[in-house]
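Asker: I'd like to ask some things about the structure below.
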Amino acid sequence: MTEAQTHELRILIDDETRVMTAPHGANLRRTLLDAGLSPYTRITSTFNCGGRGLCATCGVHFEAGEPAPENWHDQLAARFGYPRLSCQIAIRGDMTVRILTEKVIWGARDPNRRYRPDA
Ligand code: FES
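In structure tokens form, the structure reads like this:
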């Protein structure tokens, strides 16, 4: 692996798809914000924990390439089907991520989206 390795991110926003690349190891939340694609809502764009993994307002759903959760809070989110915390995710492979445009604060639980390591 070289430092120049990048991964493809497909960002789904309602019916729109944006495709971009990110360097290996980049933080998903930071990458989204830098691209002008906020994982937050109007309310939580101001009131959030700044990427510390505490507020759960930066949640996104994965359509493909979902990484294993590492942070305790993201482990709970993944286990119970809540949106994954984009601030706790390092981009280490190609991913398809859905921005949750209908959430008000945290986003709805979807039991069908639980992280399953063998899936
Ligand atoms: S920004 Fe607060 S949990 Fe991600």
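Residue 832 is where the sequence shown starts when you use the working numbering, and the numbers rise one by one after that.
Virtual Cβ for every residue (Gly too), placed ideally from N, Cα, C.
Being a predicted model, the structure only gives us computed values, none of them experimental.
#1: Do you know how far the Cα of residue 878 is from the Cα of residue 946?
#2: From this set, 901, 924, 890, 902, which residue's C-alpha is nearest residue 936's C-alpha?
#3: When you compare only the Cα positions, how much space is there between residue 888 and residue 949?
#4: What are the start and end residues of the alpha helix (DSSP H) that includes residue 908?
#5: Specify whether the region 861-877 and the region 898-913 touch according to this definition: at least 3 beta carbon pairs, one from each stretch, less than 8 Å apart.
#6: Which one of 938, 850, 931 has the shortest CA to CA distance from residue 913?
#7: What span of residues does the alpha helix (DSSP H) with residue 862 cover, start to end?
#8: Go ahead and label residue 883 buried or exposed: buried means 16 or more other beta carbons lie within 10 angstroms of its beta carbon, across all protein chains shown.
#9: Would you kindly work out how many angstroms separate the C-alpha atoms of residue 942 and residue 926, rounded to a whole number?
#10: Looking only at DSSP bridge pairs, what is residue 838 linked to?
Answerer: Let me lay it out:
#1: Counting from 1 along the sequence shown, the entry for residue 946 is found at position 115. Counting from 1 along the sequence shown, the entry for residue 878 is found at position 47. A straight-line Cα-Cα distance of about 27 Å links residue 946 and residue 878.
#2: Locating residue 936 in the sequence shown gives position 105, counting from the first residue. Among 901, 924, 890, 902, the Cα nearest to that of residue 936 belongs to 890.
#3: The residue you call residue 888 lines up with position 57 of the sequence shown. The residue you call residue 949 lines up with position 118 of the sequence shown. In a straight line, the C-alpha of residue 888 is about 27 Å away from that of residue 949.
#4: Counted from its first residue, the sequence shown places residue 908 at position 77. Residue range 903-911 is occupied by the alpha helix (DSSP H) that includes residue 908.
#5: Fewer than three pairs of CB atoms, one per stretch, sit closer than 8 Å, so the region 861-877 makes no contact with the region 898-913.
#6: If you number the sequence shown from 1, residue 913 lands on position 82. If we check each option's Cα against that of residue 913, 938 comes out closest.
#7: Position 31 of the sequence shown holds residue 862. 859-865 is the span of the alpha helix (DSSP H), which, as asked, contains residue 862.
#8: To locate residue 883, count along the sequence shown from 1; it is residue 52. Result: exposed.
#9: Taking the first residue of the sequence shown as 1, we reach residue 942 at position 111. Taking the first residue of the sequence shown as 1, we reach residue 926 at position 95. Between residue 942 and residue 926, the alpha-carbon positions lie close to 20 Å from each other.
#10: Translated into positions along the sequence shown, residue 838 becomes position 7. DSSP output for residue 838 lists 853 as bridge partner(s).
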